[in-house]
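Residue numbers (our numbering): 37 to 424. Just so you know, even glycine gets a beta-carbon here, dropped at the ideal spot from N, CA and C. Bear in mind that the values here come from a model prediction, so they are computed numbers and not experimental data.
See the structure below:
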């Protein structure tokens with residue numbers, strides 16, 4: 037068993053089966069350690085900005101605390117690791133349930149010692165789940181099927197908690213401009229006439245435009261029935277990610293009036309859609325301004341040398357229809373999914389999340405609530421609370 041201690045500055049614990057590797061579990065790493073970690077995340081395909089130290093500061097805004105897991109080689113070089121976010125829920129006095137969540141990680145780039153690092157990460161996460169948390173949820177990175185299998189073998193179970201998108205549509209932007217336009221012709225050609233007619237423009241926004249984003253998100257929330265993040269949270273997110281150039285805000289306007297906005301994040305070779313807002317009042321739906329913002333995002337990704345433009349989450353039914361049944365269109369799909377079609381995007385399914393809930397009585401209550409129609413609403417509310 038990998039022994040883990042909490043509260044100390046660091047832990048270096050070699051294991052005779054894992055070769056010249058050590059593990060460090062630390063809530064407050066030194067600045068140079070965080071800089072080293074962020075550099076690893078920024079260059080690792082398949083993960084996300086949710087593994088950056090900046091994201092830990094963003095999530096602190098809604099009550100989360102960080103716990104970093106660093107795997108190092110003998111000479112001290114950082115090889116792999118993960119940012120685990122945790123908080124207490126259902127608190128009453130000093131009593132509460134400790135919940136942990138590791139999004140799009142751990143980060144374990146392929147290379148020398150990567151298999152050993154994966155084994156060590158699995159042992160550390162299993163130990164954390166057994167000793168520190170009542171529930172630990174892990175969303176593996178895009179190339180994390182091997183990690184997922186390792187976690188399942190160590191006691192984790194498939195998770196049904198909807199804490200992250202299960203899949204998406206993404207556009208390969210590393211093609212010639214003519215090819216990119218040809219693939220997106222179903223959306224660009226009819227929309228371009230409307231853009232000229234209604235004088236639609238798209239500009240890159242800044243911190244001063246975050247209230248515009250918040251207002252437009254509120255408009256979309258009323259239509260689609262979700263609760264948008266608050267203005268202060270959006271400001272924090274933009275402030276934290278902007279210095280490293282890992283956030284982009286695109287504003288779509290009609291005659292200079294903002295009607296659509298898309299906040300996207302950048303990591304490695306991916307531009308990922310995060311928050312989309314649209315004010316469809318006053319006939320704005322006729323202007324095709326959201327399509328103009330999407331097209332601007334695709335072109336932005338190509339200009340900046342990225343590989344993919346990710347359009348955001350898709351429901352399981354849509355993914356199943358597209359990937360398993362080969363469907364390209366179904367009028368029964370949600371309007372938010374239908375709006376993402378026609379750009380030449382490819383469907384992609386993330387490795388399924390895993391969880392470990394303890395003790396047994398809590399796990400039984402959790403599973404009963406998940407399967408019981410009368411208490412599904414409570415589970416949904418708990419998931420929303422975890423998202424912040």
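Per DSSP, which residues does residue i bridge with? Please list them.
{"i": "residue 426", "result": "Outside the displayed span of the chain (37 to 424) sits residue 426, for which this structure offers no information."}
{"i": "residue 122", "result": "101 and 136"}
{"i": "residue 383", "result": "205"}
{"i": "residue 426", "result": "Since the first residue of the chain shown is 37 and the last is 424, residue 426 is not available in this structure."}
{"i": "residue 308", "result": "301 and 346"}
{"i": "residue 313", "result": "297"}
Could you have a look at residue i and say whether DSSP puts it in helix, strand or coil?
{"i": "residue 211", "result": "coil"}
{"i": "residue 140", "result": "coil"}
{"i": "residue 282", "result": "coil"}
{"i": "residue 345", "result": "strand"}
{"i": "residue 266", "result": "coil"}
{"i": "residue 271", "result": "helix"}
{"i": "residue 288", "result": "strand"}
{"i": "residue 83", "result": "coil"}
{"i": "residue 371", "result": "helix"}
{"i": "residue 146", "result": "coil"}
{"i": "residue 276", "result": "helix"}
{"i": "residue 159", "result": "helix"}
{"i": "residue 199", "result": "coil"}
{"i": "residue 377", "result": "coil"}
{"i": "residue 363", "result": "coil"}
{"i": "residue 217", "result": "helix"}
{"i": "residue 167", "result": "helix"}
With 16 other CB atoms within 10 Å as the buried threshold, where does residue i fall?
{"i": "residue 56", "result": "exposed"}
{"i": "residue 311", "result": "buried"}
{"i": "residue 75", "result": "exposed"}
{"i": "residue 353", "result": "exposed"}
{"i": "residue 184", "result": "buried"}
{"i": "residue 331", "result": "buried"}
{"i": "residue 162", "result": "buried"}
{"i": "residue 123", "result": "buried"}
{"i": "residue 287", "result": "buried"}
{"i": "residue 259", "result": "exposed"}
{"i": "residue 139", "result": "buried"}
{"i": "residue 148", "result": "exposed"}
{"i": "residue 264", "result": "buried"}
{"i": "residue 243", "result": "exposed"}
{"i": "residue 67", "result": "exposed"}
{"i": "residue 79", "result": "exposed"}
{"i": "residue 318", "result": "exposed"}
{"i": "residue 376", "result": "buried"}
{"i": "residue 235", "result": "exposed"}
{"i": "residue 253", "result": "buried"}
{"i": "residue 62", "result": "buried"}
{"i": "residue 391", "result": "buried"}
{"i": "residue 84", "result": "buried"}
{"i": "residue 313", "result": "buried"}
Could you pull the start and end residues of the alpha helix (DSSP H) that residue i belongs to?
{"i": "residue 74", "result": "67-78"}
{"i": "residue 101", "result": "Where residue 101 is concerned, there is no enclosing alpha helix (DSSP H), although the beta strand (DSSP E) it sits in stretches over 101-109."}
{"i": "residue 332", "result": "325-339"}
{"i": "residue 62", "result": "Unbroken run through residue 62 is the beta strand (DSSP E), 57-62; no alpha helix (DSSP H)."}
{"i": "residue 354", "result": "352-355"}
{"i": "residue 301", "result": "From DSSP, residue 301 is part of no alpha helix (DSSP H) but of the beta strand (DSSP E) over 293-303."}
{"i": "residue 185", "result": "181-189"}
{"i": "residue 320", "result": "Unbroken run through residue 320: none, as it is neither H nor E."}
{"i": "residue 96", "result": "89-96"}
Which residues mark the beginning and the end of the beta strand (DSSP E) in which residue i is found?
{"i": "residue 259", "result": "From DSSP, residue 259 is part of no beta strand (DSSP E) but of the alpha helix (DSSP H) over 246-260."}
{"i": "residue 172", "result": "171-175"}
{"i": "residue 226", "result": "First-last for residue 226: 221-233, but that is the alpha helix (DSSP H), not the beta strand (DSSP E)."}
{"i": "residue 237", "result": "236-240"}
Would you say residue i faces chain B, with C-beta separation under 8 Å as the test?
{"i": "residue 102", "result": "Here there is only one protein chain, and chain B is not present."}
**Message:** Closer than 8 Å is the cut-off here; do at least three beta carbon pairs connect the region 176-195 with the region 98-116?
**Reply:** The region 176-195 is not in contact with the region 98-116.
**Item:** Inter-stretch contact at 8 Å, needing at least 3 Cβ pairs: the region 91-107 / the region 188-198
**Value:** With the cut-off at 8 Å, the region 91-107 and the region 188-198 do not touch.
**Asked** Does the pairing of the region 373-387 with the region 341-351 give three or more beta-carbon distances under 8 Å?
**Response** Yes, the region 373-387 is in contact with the region 341-351.
**Prompt:** So, do the region 323-339 and the region 280-298 have three or more beta carbon pairs nearer to each other than 8 Å?
**Reply:** Enough Cβ pairs lie closer than 8 Å, so yes.
**Asked** Counting Cβ pairs closer than 8 Å, one from the region 331-341 and one from the region 365-376, do we hit at least three?
**Response** The region 331-341, when compared against the region 365-376, does not touch it at the 8 Å Cβ threshold.
**Item:** Three CB pairs or more closer than 8 Å across the region 267-274 and the region 219-237
**Value:** For the pair of segments examined, the region 267-274 was found not to touch the region 219-237: the number of CB pairs separated by less than 8 Å stays below three.
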